[in-house]
Ligand code: SAH
Ligand code: SF4
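In this note's numbering, the protein residues as written are 641 to 1058.
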């Protein structure tokens, strides 16, 4: 999501005549797109700013935007700590970066402006993004979040859900496909709650069916809102990837309730089973957090147990990080070493599962969409989102190639063209 936001910021700069450069030393304008979902990302911003200050050329303009500045007092703190930053804006007025740049260049006075909501309210995609992810194009279908999971800062810094008009999304995707993009990834904090003029997420997916060969993915799905007919739609589709990212966050009902997630482990597992029934080879991924306030050893074991039962192909694992202003920040906290030990155990546990799944894939055939090539070495992902490497002189980036998986080293798969 943040990567795509940076692509949009680059689009604004490009429309003003700026070109990308490789080194901070050469830049006339430096824009830092920040994130505050976890504390580590936030701490890094000040480190980066310190480095930029010493490396930038005289007169280079520095702008800071993204969700970090959107937190209470964050912009004020930044302005005080970093007097060399020229522009500070928030998530809602980010599409106007170009106007703020003009204003700073004309007046020479610092621009510090953070809005608390969008002003145009139409989720307009202001400028064409400078796309940087090869054959894949990200497309926002909605912004913001209404869920208020107790650990999460997103609803506070990105506001309530706003859905883009379905026709705009469809025409954006038609145009991307005609430009040759082979994969489209729909973006939203909770794509399953997409609604526009009575149309739902599954209606949108049906409109995106096509005889043009491409791969359609989406993220993120929320287990409480995922529609029961989605499995059927994926199974029937010519374009949808046979993969699902369904963040569970925790395996203990007590913790799930304290997180305000609105599902139980059994409900989650039942949803996973219904997807596997219709799409037996579905690639599953998830986000899991350890060390949420009050998490006991038993709660953590329930998370391990759920991870073992599901056998995710890919798991994003996080240590719970306190976010000021969220309900979980006021709950009794765990000490750092308990959290660290649990994440180490979870990472080892999942590593074994990934290894086993990779070994189990040997002998199977997959359709790989080539996303990168180095000499004759091709890299890409299968229809179930498994990363596969294979050798081919003729295959090109953007090709769909049938490959037989011949070996697995840890979680890495190697294939041969069939
Ligand atoms: N909307 C998505 C993802 C939002 S943020 C969802 O509902 O799943 C991406 C991931 O960051 C989350 O899934 C969660 O696992 C993690 N995350 C969010 N807040 C966090 C926090 N305070 N500490 C650690 N991880 C967090
Ligand atoms: Fe955060 Fe929960 Fe919204 Fe995801 S659904 S963005 S975790 S509040």
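The beta carbon of each residue, even a glycine, is placed where N, CA and C say it ideally should be. All values derive from a computational prediction rather than experimental measurement.
Taking just the CA atoms, how far does residue 911 sit from residue 805? Within the chain shown, the letter at position 165 stands for residue 805. Within the chain shown, the letter at position 271 stands for residue 911. Straight-line Cα distance between these residues: approximately 29 angstroms.
So, for residue 919: in the same chain, excluding its five sequence neighbours on each side, which residues have a beta-carbon less than 8 angstroms away from its beta-carbon? Start at 1 with the first residue of the chain shown, and residue 919 comes out as number 279. If we look at residue 919 and ignore the five residues flanking it on each side, its Cβ neighbours are 871, 874, 875, 882.
Residue from 706, 817, 700, 689 whose Cα sits closest to the Cα of residue 641: As a first step, residue 641 must be located in the chain shown, where it is residue number 1. Selected option, being the one with the closest Cα: 706.
Can you list, in chain order, every residue whose CB sits closer than 6 angstroms to a heavy atom of ligand 2? 785, 787, 788, 789, 792, 794, 795, 829, 830, 862
Closer than 8 angstroms: is that where the CB of residue 860 sits relative to any heavy atom of ligand 1? As a position in the chain shown, residue 860 is number 220, starting the count at 1. Yes, Cβ of residue 860 sits closer than 8 angstroms to a heavy atom of ligand 1.
Taking DSSP's pairing of strands, which residues face residue 958 in a bridge? Residue mapping note: residue 958 aligns to position 318 of the chain shown, counting from 1. For residue 958, which the question treats as bridged, DSSP gives the partners 929.
Just tell me which of 757, 672, 789, 814 has its CA closest to the CA of residue 687. Locating residue 687 in the chain shown gives position 47, where the first residue counts as 1. Here the closest residue by C-alpha is 672.
Residues in the same chain with beta-carbon distance under 7 angstroms from residue 1069, minus the five sequence neighbours each way, listed in chain order, please. Residue 1069 is absent from the structure shown; the chain starts at 641 and stops at 1058.
Closest by CA to residue 1052, which one among 1040, 1000, 850? The residue labelled residue 1052 in the question sits at position 412 within the chain shown. Closest by alpha carbon: 1000.
I'd like the list of long-range same chain contacts for residue 656, defined as Cβ closer than 6 angstroms, with 5 residues on each side in sequence excluded. Here the question's residue 656 lines up with position 16 in the chain shown. The answer, listed in chain order, is 738.
Nearest by alpha-carbon distance to residue 786: which of 864, 735, 773, 858 is it? Stepping through the chain shown from its first residue, residue 786 is reached at position 146. Of 864, 735, 773, 858, the residue nearest in Cα terms is 864.
Run through DSSP, which three-state label would residue 923 get? As a first step, residue 923 is located in the chain shown; it is residue number 283 there, counting from the start. The answer is strand: DSSP assigns residue 923 an E or B state.
Contacts around residue 618, its chain only, beta-carbon distance under 6 angstroms, and the 5 residues preceding and following it disregarded: In this structure the chain extends from 641 to 1058, so residue 618 is not present and cannot be described.
Tell me where the beta strand (DSSP E) around residue 1010 begins and ends. Residue mapping note: residue 1010 aligns to position 370 of the chain shown, counting from 1. Residue 1010 -> beta strand (DSSP E) spans 1005-1014.
Where does residue 753 sit, in a helix, a strand or coil, going by DSSP? Stepping through the chain shown from its first residue, residue 753 is reached at position 113. Three-state DSSP puts residue 753 in a strand.
Exposed or buried, residue 780, counting other C-beta atoms within 10 Å across all chains shown (16 or more means buried)? If you number the chain shown from 1, residue 780 lands on position 140. Label assigned to residue 780: buried.
First and last residue of the alpha helix (DSSP H) that includes residue 724? Here the question's residue 724 lines up with position 84 in the chain shown. Premise fails: residue 724 is in no alpha helix (DSSP H) and is neither H nor E.
Can you find the residues in the same chain that come closer than 6 angstroms, C-beta to C-beta, to residue 880, ignoring five residues on each side of it along the sequence? Residue numbering aside, residue 880 sits at position 240 when the chain shown is read from its first letter. Closer than 6 angstroms at the Cβ level, and outside the excluded window around residue 880, lie 856, 874.
Own chain, CB closer than 7 angstroms to residue 762, minus 5 neighbours either side, in chain order: Here residue 762 corresponds to residue number 122 of the chain shown, with the count starting at 1. With a pLDDT of 49 at residue 762, under the threshold of 50, the predicted position of this residue should be treated as unreliable, though the coordinate-derived value follows. Excluding sequence neighbours, residue 762 sits near nothing in its chain.
Under the three-state reduction of DSSP, which class applies to residue 883: helix, strand or coil? Along the chain shown, one-based indexing puts residue 883 at 243. Three-state DSSP puts residue 883 in a strand.
Which residues bound the alpha helix (DSSP H) around residue 1047? Along the chain shown, one-based indexing puts residue 1047 at 407. Here residue 1047 belongs to no alpha helix (DSSP H); instead the beta strand (DSSP E) covers 1040-1049.
Hey, is residue 959 close to ligand 1, as in C-beta under 8 angstroms from one of its heavy atoms? Counting from 1 along the chain shown, the entry for residue 959 is found at position 319. The answer is yes for residue 959.
Are the beta-carbon atoms belonging to residue 933 and residue 898 less than 9 angstroms from one another? In the chain shown, counting from the first residue as 1, residue 933 sits at position 293. In the chain shown, counting from the first residue as 1, residue 898 sits at position 258. Result yes, Cβ atoms of residue 933 and residue 898 sit closer than 9 angstroms.
Name the residue from 1013, 731, 967, 990 whose alpha carbon lies nearest to the alpha carbon of residue 648. Position 8 of the chain shown, counting from 1, holds the residue named residue 648. Nearest option by C-alpha distance: 731.
What is the DSSP secondary structure of residue 705, reduced to helix, strand or coil? Numbered from its first residue, the chain shown carries residue 705 at position 65. Strand at residue 705.
Taking 8 angstroms as the line, does the beta carbon of residue 929 fall inside it for any heavy atom of ligand 1? Within the chain shown, the letter at position 289 stands for residue 929. Because some heavy atom of ligand 1 lies under 8 angstroms away, the Cβ of residue 929 counts as near it: yes.
Would residue 725 and residue 695 be called neighbours here (beta carbons separated by less than 9 angstroms)? As a working mapping, residue 725 is identified with position 85 in the chain shown. As a working mapping, residue 695 is identified with position 55 in the chain shown. The answer is no: Cβ separation not under 9 angstroms.
Residue 754 and residue 654 closer than 9 angstroms at C-beta: By one-based count along the chain shown, residue 754 stands at place 114. By one-based count along the chain shown, residue 654 stands at place 14. Not in contact: residue 754 and residue 654 (Cβ atoms no closer than 9 angstroms).
Could you compute how far the alpha carbon of residue 927 sits from the alpha carbon of residue 715? On the chain shown, residue 927 is found 287 positions in, with the first residue counted as 1. On the chain shown, residue 715 is found 75 positions in, with the first residue counted as 1. The alpha-carbon atoms of residue 927 and residue 715 are separated by roughly 29 angstroms.
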